[in-house]
Amino acid sequence: MIFAMVVTLSGNCIPKSASSVPESTGEEVASDSPAINYLLKEIREENKVRVVYRDFGDGSTLYTQRAVHNPKGVHPVMNEAAPSPYGVTCIHVTWPLNVLDWNGFMFITGRLPGDSIIPELDFGQNNTGFDLQGAVKLTFKARGKTGRERIKFYMGGLGGTTERYHDSDQIFLTGGDGFITLSSEWKEYSIDLRRADLSRIGCGFAWVTSQTENTGLQTLEFDLDDIFYHFDTERHDPLFLRSYGILPVSDERSFTNNFAYTYDNALLAITMVKSGHLAYARQIADALAYCVVHDRYYEPGPLRNAYANGSPVSFPGWHSPRGGEFAMLPGFYNTEAAVWYEDRYAVSINAGVMAWAIEALLTVYDETETPEYLSAAVSMADYILKNYSTNDPLGGFTGGEEGWEGQTEKLTYKSTEHNIDLISAFMHLYQIWKETKPQDAEKYLAAAREARDFVLAMYEDGCLYTGTSTDGITLNRDNKPLDTNTWAILTLTGDREADGRWDPEDVYAFIERTFKVGEGVDYNQDLDGCWNEGTAQLAVAAAVLGKTAEYERLMRYLNDAAEDDGSICSASIDGLTTGFESMIATEDGGIKAIPWVYDHRISLASTAWLAFAQLNANPYFVSNETVALNSKVLKLYPNPAGSECTLVGLGADDTISLYDLNGKQYMSRRASGEIETVNTGRLQAGIYLLNVSNSRETQTLKMIVRH
156 MIFAMVVTLS GNCIPKSASS VPESTGEEVA SDSPAINYLL KEIREENKVR
206 VVYRDFGDGS TLYTQRAVHN PKGVHPVMNE AAPSPYGVTC IHVTWPLNVL
256 DWNGFMFITG RLPGDSIIPE LDFGQNNTGF DLQGAVKLTF KARGKTGRER
306 IKFYMGGLGG TTERYHDSDQ IFLTGGDGFI TLSSEWKEYS IDLRRADLSR
356 IGCGFAWVTS QTENTGLQTL EFDLDDIFYH FDTERHDPLF LRSYGILPVS
406 DERSFTNNFA YTYDNALLAI TMVKSGHLAY ARQIADALAY CVVHDRYYEP
456 GPLRNAYANG SPVSFPGWHS PRGGEFAMLP GFYNTEAAVW YEDRYAVSIN
506 AGVMAWAIEA LLTVYDETET PEYLSAAVSM ADYILKNYST NDPLGGFTGG
556 EEGWEGQTEK LTYKSTEHNI DLISAFMHLY QIWKETKPQD AEKYLAAARE
606 ARDFVLAMYE DGCLYTGTST DGITLNRDNK PLDTNTWAIL TLTGDREADG
656 RWDPEDVYAF IERTFKVGEG VDYNQDLDGC WNEGTAQLAV AAAVLGKTAE
706 YERLMRYLND AAEDDGSICS ASIDGLTTGF ESMIATEDGG IKAIPWVYDH
756 RISLASTAWL AFAQLNANPY FVSNETVALN SKVLKLYPNP AGSECTLVGL
806 GADDTISLYD LNGKQYMSRR ASGEIETVNT GRLQAGIYLL NVSNSRETQT
856 LKMIVRH
C-alpha cells in the first residue's frame with residue numbers, strides 16, 4: 156500500500172450525534188451469539204471511556220499535541236512507542252537531570268487552520284477544549300525505573316484563569332498539588348472527577364517534576380500507559396471500531412493499527428440491527444452518515460475505504476481545506492521524519508465498499524426512519540451512478556477511484572463482488588421509494604438490474620469469476636475468489652429475474668470442490684489454509700440453500716476456531732494468500748506490489764460474519780419481487796450445451812433481432828409465440844445484443860456466447 160503526506164493529523168473528539176437519544180442502551184441485553192457478545196463488549200468499552208493515551212497512533216486518542224511546561228529548560232524525551240505489557244506500546248520518559256532542572260509535558264488539543272497541515276498549540280486562546288462532563292475519574296498506569304521517581308500528575312488548568320477559553324477546572328492526583336513517589340512495578344492511579352467542572356478541558360493530562368524533587372538521580376526514567384477518562388453511563392456518539400487486533404510497532408503493517416475499514420463497520424451496524432441492539436447500530440450509522448457529509452475534500456457523496464477508529468469527528472478548532480469540521484482518516488506519524496502518512500487504499504473510494512455502507516445505513520433506516528441515514532445512502536448511490544456507470548454492452552459498474560484527492564486514478568475494471576453488493580444496495584433503495592418516489596425508485600431498479608446483468612455475465616460452469624480486466628469487457632480468469640460465489644448465493648437465490656441464468660446449487664458444488672480445506676474453506680484455490688471470514692459466509696449461504704448438515708458442519712469448525720471471547724481471526728494461519736496484490740511505499744519514496752494476505756489476527760469483519768452465521772442471518776437485502784421496467788419482463792436462458800439460448804416473455808407482434816457490438820446483424824424475425832430459441836452455434840465467442848421490438852417499445856438484452 157502507498158503512503159503520502161496529507162493535510163491533517165489523526166485524532167477524535169467528543170462528537171455530535173446525527174440521531175436522537177437512543178431508545179435503549181441495551182447494556183443489560185446479551186445474545187445467544189458469542190460473536191455478538193464480543194462486539195457488544197467492544198462497543199460498550201468504547202462508550203465508557205475517552206482516551207488520552209492507549210497505544211501509539213490509536214485513532215481514538217483525544218489529546219494528540221504535546222506542550223512542555225518550561226520552554227526554556229532542558230526538555231525530557233517521551234518515546235510514545237515503547238513496548239508495553241498493556242496493549243503494545245507505552246510512553247517511556249527519559250530526562251538527564253541537571254541542577255535546578257524542572258519540566259514536564261501537557262497532553263493538549265491544539266488548533267488546525269484549514270490552510271495548514273501542522274497543528275498549532277493552543278493555550279486557551281481558542282475554543283478547542285473537550286466537554287468531558289459525566290466523567291467520574293481519570294486513570295493511568297505508571298512505574299519508575301528505580302522506584303524513587305517523584306512526579307506531579309494532574310489534568311486541566313490550561314490557560315490559567317486569564318485566557319478567554321481557559322480550562323474549566325484543574326485537579327491533581329493527590330487532591331492538592333503535591334508529588335507522589337512511583338513504584339518500580341506498574342501501578343494504576345486514579346484522579347476523582349465527580350466534583351470537577353469538565354465542561355471545557357484543553358489539557359487532558361499532564362506531568363511535571365524537577366531535579367530538586369529527584370535528588371540522587373542523574374537520569375529520570377519512568378513509564379506511562381492507559382490514560383483514560385471513565386464514565387459511569389455509556390455515551391452513544393458516532394463510532395467506528397478498529398478492524399484488526401493491534402500489532403507491535405516493529406511490524407511493518409502496524410500502520411493499520413488505527414484503521415477502521417468502512418466495510419467492516421458497515422457489517423457491524425447490520426449485526427447490531429439483526430441482534431436487536433439498535434442503539435449501537437445507530438452509533439455506526441451516525442459515523443457513516445457524518446463521513447458522507449463531512450469529507451475534507453469531496454462534496455457530500457462518496458465515502459473513503461477506511462477512517463480512524465473511534466469517532467470520525469474532527470477536534471474542536473480543527474478545520475479542513477473546505478472549512479469546518481471533517482471526517483478523520485487513518486494514518487501513521489513518522490516521529491523521526493516528523494511527517495504524517497496515509498495509506499493509498501484507505502483514502503481511496505471503492506464502489507463495493509460504498510454499497511455495503513448504503514446497505515448498513517438503509518438497514519438502520521428501516522428500523523428508525525432517521526432521515527440522515529437515507530440521505531447519506533442516496534448521496535452515495537447517486538455518486539456511484541454518476542461516476543462508475545458504463546455504457547458498454549456488458550453493463551455493470553466500475554471499481555471506483557484510487558489515490559489522494561485531486562489526483563485519483565479511475566479504476567476501470569469491473570468487480571463481480573462490487574456489483575453483487577450494488578444489486579442489494581440499489582434494490583433496497585428501490586423498495587424504500589417505490590411507493591413515495593416512483594421515478595427515483597425506477598432509477599435504482601434499473602441500476603440494480605444493470606449490476607445483476609453484469610454479475611450473471613460472469614457466471615460460467617458453476618463459477619462466478621472475479622470480474623473483468625481494465626477494459627471492462629474481458630473476463631478475468633486468473634483468479635477465482637470464494638466471496639464472489641458465496642455472495643452471489645446470498646443475493647441472487649430466489650431472485651426470479653435471475654432464474655435460469657445461473658444455478659446456485661452448481662455454485663455451491665463448485666465451492667465445495669474448489670475451496671474446501673479441512674472443515675473450512677480457503678480464499679482461493681491454493682488451499683494453504685482456512686479463511687475464516689469466507690467460511691462464515693459459506694455457512695450463511697448453506698443456510699440460505701437449506702443445507703442443514705453443511706451449515707452445522709461449518710458452524711462446528713467456526714465455533715472451534717473462535718477465541719474464548721467470541722471473536723475470530725481472519726485466517727487459520729499467518730500469510731493466507733488471496734492471489735491479489737497490495738501496493739506499499741518503499742524507503743526510497745517509490746511503491747512496490749506485495750502479496751495481499753490474511754493473518755491469524757483478530758478481525759472485525761470475520762467476527763461480524765461469524766455473528767451472521769451464528770444468528771443464521773443474511774446481511775444482504777434480498778427482494779423476490781419481479782418488476783418490469785417496460786410493459787413486460789423478458790428472460791434469456793442460455794442452453795448448457797452452449798449452442799442456443801431461449802427467450803421467454805415474447806408477444807405475438809414482437810420482432811427479434813441479433814447484432815454484434817459493431818452493429819452487424821445476424822438475424823431478424825417475427826416471434827411465433829411467447830418462447831423462441833436463438834441458435835448461437837455458428838457465432839464466434841463474444842457479446843451480442845438481442846433487440847425485441849414492437850410498435851410501442853424496444854428492449855435490449857445482452858447475450859454472451861462462449862464455446
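Letter by letter, the sequence shown follows residues 156 to 862 of the working numbering.
Where a beta carbon is used, it is the ideal one built from N, C-alpha and C, also for glycine.
Could you tell me which of the options sits nearest to residue i, measuring between CA atoms?
i, options, result
"residue 247", "224, 211 and 693", "211"
"residue 253", "310, 375 and 594", "375"
"residue 830", "280, 673, 820 and 809", "809"
"residue 402", "234, 213, 735 and 296", "213"
"residue 240", "822, 264 and 298", "298"
"residue 292", "206, 316, 348 and 279", "348"
"residue 284", "842, 690 and 356", "356"
"residue 711", "691, 574, 399 and 724", "691"
"residue 261", "311, 245, 713 and 748", "311"
"residue 502", "470, 523 and 458", "458"
"residue 534", "294, 514, 476 and 754", "514"
"residue 838", "828, 800 and 846", "800"
"residue 558", "595, 505, 603 and 552", "505"
"residue 574", "614, 523 and 594", "614"
Determine, using beta carbons only, whether residue i and residue j come nearer to each other than 8 angstroms.
i, j, result
"residue 393", "residue 468", "yes"
"residue 538", "residue 529", "no"
"residue 237", "residue 378", "yes"
"residue 863", "residue 775", "One cannot answer for residue 863 here, as it falls past the ends of the chain, which runs 156 to 862."
"residue 844", "residue 855", "yes"
"residue 549", "residue 612", "yes"
"residue 517", "residue 587", "yes"
"residue 277", "residue 264", "yes"
"residue 149", "residue 709", "Nothing can be reported for residue 149, as the shown portion of the chain is limited to 156 through 862."
"residue 343", "residue 296", "yes"
"residue 570", "residue 622", "yes"
"residue 395", "residue 464", "yes"
"residue 637", "residue 713", "no"
Quick one: give me the first and last residue of the beta strand (DSSP E) that residue i is part of.
i, result
"residue 546", "Unbroken run through residue 546: none, as it is neither H nor E."
"residue 222", "220 to 223"
"residue 678", "Careful: residue 678 lies outside any beta strand (DSSP E) and carries neither H nor E."
"residue 820", "820 to 825"
"residue 238", "232 to 238"
"residue 812", "810 to 815"
"residue 206", "204 to 208"
"residue 803", "799 to 803"
"residue 325", "325 to 327"
"residue 293", "290 to 299"
"residue 363", "358 to 365"
For residue i, does the count of other Cβ atoms within 10 angstroms reach 16, so buried, or fall short, so exposed?
i, result
"residue 851", "exposed"
"residue 761", "buried"
"residue 750", "exposed"
"residue 834", "exposed"
"residue 196", "exposed"
"residue 220", "buried"
"residue 553", "buried"
Let me know the secondary structure DSSP gives residue i once reduced to three states.
i, result
"residue 198", "helix"
"residue 260", "strand"
"residue 452", "coil"
"residue 744", "For residue 744, the predicted model reports a pLDDT of 49, less than 50, meaning its position is unreliable; a value from the coordinates is still stated below. Here residue 744 sits in coil by DSSP."
"residue 615", "strand"
"residue 343", "strand"
"residue 381", "strand"
"residue 692", "helix"
"residue 516", "helix"
"residue 671", "strand"
"residue 750", "strand"
"residue 375", "strand"
"residue 437", "helix"
"residue 665", "helix"
I need the boundaries of the alpha helix (DSSP H) containing residue i, first residue and last residue.
i, result
"residue 502", "499 to 502"
"residue 761", "759 to 770"
"residue 251", "It is not in any alpha helix (DSSP H) - residue 251 instead sits in the beta strand (DSSP E) that spans 244 to 251."
"residue 111", "Residue 111 cannot be examined here, being either before or after the span of the chain that is shown, 156 to 862."
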